[in-house]
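Asks: Under this note's numbering, the letters of the sequence shown match residues 65 to 519, in that order.
For each residue, glycine too, the CB sits at the ideal point set by N, CA and C.
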Amino acid sequence: MAGIGFELKKMMAGKGWLGVAQAYTYSGIIGSGPWVLSILGILLASALGLSRSGVDQSAEFMSSVTYLIATSLVLSGVLQLLFVRFMADRVYEGKAEWVLPNLLGALTIMSVIAGVIGSTIALLWFRHDPVYALLMLVNFVVLCNLWLTVVFVSGLKQYQAVLLLFFISYALLLLLAWLLRTGGTLGGLLAVLAGHSTLLLTLLVLVMREYQGEATPRFDFMQRRWIHPSLIITGVLFNLGVWIDKWIFWFDPTTSDTVNGVLRASIIYDTPFFLAYLSIIPGMAVFLIKVETDFVETYQRYYSAVNGQGTLSEIQIYRQDMVKSIRDAFKGIFFVQSLCVLLFFWLADDILAWLNLSPLFVHLYRIDLFATLLQVLFLTTLSISFYFNLLRQALWMCLLLTLANALLTLLSLWLGATFYGYGFALALLLATAAGIAALSAKLNRLEYLTFMMQR
Numbered sequence: 065m066a067g068i069g070f071e072l073k074k075m076m077a078g079k080g081w082l083g084v085a086q087a088y089t090y091s092g093i094i095g096s097g098p099w100v101l102s103i104l105g106i107l108l109a110s111a112l113g114l115s116r117s118g119v120d121q122s123a124e125f126m127s128s129v130t131y132l133i134a135t136s137l138v139l140s141g142v143l144q145l146l147f148v149r150f151m152a153d154r155v156y157e158g159k160a161e162w163v164l165p166n167l168l169g170a171l172t173i174m175s176v177i178a179g180v181i182g183s184t185i186a187l188l189w190f191r192h193d194p195v196y197a198l199l200m201l202v203n204f205v206v207l208c209n210l211w212l213t214v215v216f217v218s219g220l221k222q223y224q225a226v227l228l229l230f231f232i233s234y235a236l237l238l239l240l241a242w243l244l245r246t247g248g249t250l251g252g253l254l255a256v257l258a259g260h261s262t263l264l265l266t267l268l269v270l271v272m273r274e275y276q277g278e279a280t281p282r283f284d285f286m287q288r289r290w291i292h293p294s295l296i297i298t299g300v301l302f303n304l305g306v307w308i309d310k311w312i313f314w315f316d317p318t319t320s321d322t323v324n325g326v327l328r329a330s331i332i333y334d335t336p337f338f339l340a341y342l343s344i345i346p347g348m349a350v351f352l353i354k355v356e357t358d359f360v361e362t363y364q365r366y367y368s369a370v371n372g373q374g375t376l377s378e379i380q381i382y383r384q385d386m387v388k389s390i391r392d393a394f395k396g397i398f399f400v401q402s403l404c405v406l407l408f409f410w411l412a413d414d415i416l417a418w419l420n421l422s423p424l425f426v427h428l429y430r431i432d433l434f435a436t437l438l439q440v441l442f443l444t445t446l447s448i449s450f451y452f453n454l455l456r457q458a459l460w461m462c463l464l465l466t467l468a469n470a471l472l473t474l475l476s477l478w479l480g481a482t483f484y485g486y487g488f489a490l491a492l493l494l495a496t497a498a499g500i501a502a503l504s505a506k507l508n509r510l511e512y513l514t515f516m517m518q519r
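1) Among all the DSSP beta bridges, which residues are the ones paired with residue 466?
2) Out of curiosity, what's the CA-to-CA distance linking residue 161 and residue 277?
3) Going straight from the alpha carbon of residue 514 to that of residue 463, what length do you get?
4) What distance in whole Å lies between the Cβ atoms of residue 237 and residue 336, which are believed to be in contact at a cut-off of 8 Å?
5) Taking the alpha-carbon positions, what's the residue 209 to residue 102 distance?
6) Among residues of its own chain, excluding the 5 on either side of residue 387, which ones have a beta-carbon nearer than 7 Å to its beta-carbon?
7) Quick check on this structure: which residue in 393, 365, 249, 308 has the alpha carbon closest to the alpha carbon of residue 324?
8) Which residues mark the beginning and the end of the alpha helix (DSSP H) in which residue 506 is found?
9) Comparing C-alpha positions only, which one of 458, 482, 490, 471 sits nearest to residue 500?
10) Could you check if residue 109 is buried or exposed, using at least 16 other CB atoms within 10 Å of its CB as the buried criterion?
11) Threshold first: 4 residues or longer. Then list the alpha helix (DSSP H) segments lying entirely within the stretch 193-245, N to C.
12) Helix, strand or coil: how does DSSP classify residue 375 here?
13) The alpha helix (DSSP H) with residue 272 in it runs from where to where?
14) Between 147, 511, 269, which lies nearest to residue 288 when the distance is taken from Cα to Cα?
15) Taking 7 Å as the limit between beta carbons, can you name the residues of its chain near residue 487, skipping five residues before and five after?
16) What is the rounded straight-line gap between the Cα of residue 510 and the Cα of residue 342?
17) Name the DSSP bridge partner or partners of residue 9?
18) Compare the C-alpha of residue 261 against each of 275, 235, 244 and name the closest.
19) Figure out for me which residue from 442, 185, 490 has the closest Cα to the Cα of residue 347.
20) Alpha carbon to alpha carbon, how far is residue 170 from residue 362?
21) Please work out which residues of its chain come closer than 8 Å, Cβ to Cβ, to residue 183, disregarding the five sequence neighbours upstream and downstream, and give them in chain order.
22) Who are the Cβ neighbours of residue 292 in its own chain at under 7 Å, not counting the five residues just before and after it?
23) When you compare each of 125, 104, 106 to residue 322 by their alpha carbons, which one comes out closest?
24) Should residue 207 and residue 136 be called a contact, given that it needs their Cβ atoms to be closer than 7 Å?
25) How about residue 340 and residue 436: are their beta carbons less than 7 Å apart?
26) Are residue 205 and residue 186 close, meaning C-beta to C-beta below 7 Å?
27) Counting C-beta neighbours from all protein chains within 10 Å, is the total for residue 203 16 or more, i.e. buried, or is it exposed?
28) Which class does residue 184 belong to by DSSP, given the choice of helix, strand or coil?
29) Given a cut-off of 7 Å on the beta-carbon distance, is the pair residue 255 and residue 265 in contact?
30) Here's a check: name, in chain order, each residue in its chain whose Cβ is nearer than 7 Å to the Cβ of residue 520, leaving out the five neighbours to either side.
31) Return the CA-CA distance between residue 296 and residue 305, expressed in angstroms with no decimal places.
32) Measuring only the C-alpha atoms, how far is residue 143 from residue 212?
33) Can you tell me the Cα-Cα spacing of residue 408 and residue 466, whole angstroms?
34) What is the rounded straight-line gap between the Cα of residue 259 and the Cα of residue 225?
35) Please report the straight-line C-alpha distance between residue 490 and residue 431, rounded to a whole angstrom.
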């Protein structure tokens, strides 16, 4: 599924620094995906000054979209990893024609689940504003489907088309947000819906062109033999682990305020997090090149030798090459993301002043910057664990992240404002360190695990 990475690597070949710069720029945008671009879109749309009847509704809009992103990521996690595993296995078996009908089946299931849950929430808590409730519901369903579809991006070879779709979709979002700014939150939500719907539909067209098959929903991925319960739990826990500290701050009355009578927001916690998260783009660029391309090449070479009866010496050499590619990936990601973090850390006061934000955000912004570094390393460890089929390890990494983030965030609330943000950062540090240690131990026993643990 690393097709786009290999295409970007071709761009670097023989084109000098310009080709390298282009490839890393493209991979940064594609690797970050709609998740980070959505955050940027929210911040820019909010800056347009959404108002209704003369009342500024930027805070309500930002809070509404934040809830949509957080809840849709957690819900889509139920199917996301499970479906990615099914899809990758079928492509490996040469059954790419299974991908499209099963994607349509997965989107059907996700639409029904999201629709039922979203409708229930709308009826229980948003009956006072039916238009707002409807926009939130439709946005929720679209986002759940978008997170499922976007996993195909790394497998598509048409990186220029993907970049163009990202640009068109988010440009449309911002244009409509500006045109509808007098509609307040409702206008902003309509703009978000239009942008994400455009991205979802156009990505589906690209997927249909890449994986041709019958355009009729199928549900083969739900057969018992292809269901891995650990992947379902891991998908939910990962997204829950990333967001649980925000929910704790949202629902603690000492750190949050109500924005529309139902939703609560913690401006002092959310704003630094969103700003810091934009710094993750360079790390994700290196991730796409180093892990999804360089590591995958050595991984495929190693297992081709294993499955093709390569000699023991060849297998050992390929194993060493693969381990080296993993080390290089971690070093490259750590180096680039650390430089980025240190730069933003140094410029923190100027950045907040330029954005006309309170200097009180500086301390938490700097903590969140280091958390983004740890999150890229966590994602790298998790991704490599999946490649080696270490599903239990991936599960307990995400479980550790979720529990540690919840407990340490509650502790930080008890200790006071000076400690805000440390819960998230320390939870990522613990989960990443434990994951790297376990992965290192597995790699030291790779031949044994490869040949003696097969079922």
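Replies: By the coordinates alone:
1) Partner(s): none; residue 466 has no beta bridge.
2) 5 Å
3) 26 Å
4) That pair is no contact at about 23 Å.
5) 15 Å
6) 507
7) 249
8) 486-508
9) 458
10) buried
11) 194-213, 223-243
12) coil
13) 248-274
14) 147
15) 309, 469, 472, 473, 475, 476
16) 36 Å
17) In the structure displayed, the chain extends from 65 to 519; residue 9 sits before or after that span and is not available.
18) 235
19) 442
20) 31 Å
21) 201
22) 146, 149, 455
23) 125
24) yes
25) yes
26) no
27) buried
28) helix
29) no
30) There is no way to answer for residue 520, as the model of the chain reaches only from 65 to 519.
31) 14 Å
32) 8 Å
33) 27 Å
34) 16 Å
35) 10 Å
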